[in-house]
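Peer 1:
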Amino acid sequence: MVQATARHILVDTEEQCLALKSEIEGGRDFADVARNNSNCPSGRQGGDLGSFGPGQMVREFDEVVFSGDLNKVHGPVKTQFGYHLLEITSRG
Numbered sequence: 001m002v003q004a005t006a007r008h009i010l011v012d013t014e015e016q017c018l019a020l021k022s023e024i025e026g027g028r029d030f031a032d033v034a035r036n037n038s039n040c041p042s043g044r045q046g047g048d049l050g051s052f053g054p055g056q057m058v059r060e061f062d063e064v065v066f067s068g069d070l071n072k073v074h075g076p077v078k079t080q081f082g083y084h085l086l087e088i089t090s091r092g
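Now the structure itself:
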């Protein structure tokens, strides 16, 4: 089965998500931004979600992780939890 590793940042608003994406694209480290801003407990680990397969995350998240480009910041992705920035670190 295909597995992926990814990290994410979860925030409450699309505006905050876009602002953080701009910071990362401007050179800030994804993990540092996650530690300082993410509402998810994974933020303490730089947003690292570990390894998972299709169907283990919410649908909107899965769609990006299993089709998006690696090592690129994707988002905002809206789910029932809020707005996410996603970075797919591996897939195979």
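Per the UniProt record's numbering, residue 1 is the first one in the sequence shown, and the count goes up by one each step. Glycine residues also receive a C-beta, built at the ideal position from the N, C-alpha and C atoms. The model shown is predicted, which means the values in this text are computed figures rather than measured ones.
1. Let me check one thing: in DSSP terms, what residues is Ser-90 bridge-paired to?
2. Which residues in the same chain have their Cβ closer than 6 Å to the Cβ of Leu-70, if we skip the five residues on either side of it in sequence?
3. Could you name the residues of the same chain whose beta carbon sits closer than 6 Å to that of His-84, not counting the 5 residues immediately before and after it, in chain order?
4. By how many angstroms is the C-alpha of Val-73 removed from the C-alpha of Lys-21?
5. Output the distance between the C-alpha atoms of Arg-91 and Asp-48, rounded to the nearest integer angstrom.
Peer 2: So, from the data block:
1. Looking at the DSSP assignment, Ser-90 forms a beta bridge with Thr-5.
2. These residues qualify, in order along the chain: Ile-88.
3. Spatial neighbours of His-84 in its own chain (CB-CB distance under 6 Å, excluding positions within 5 residues in sequence) are listed in chain order as His-8, Leu-10, Gly-75 and Val-77.
4. About 7 Å.
5. Roughly 14 Å separates the two Cα atoms.
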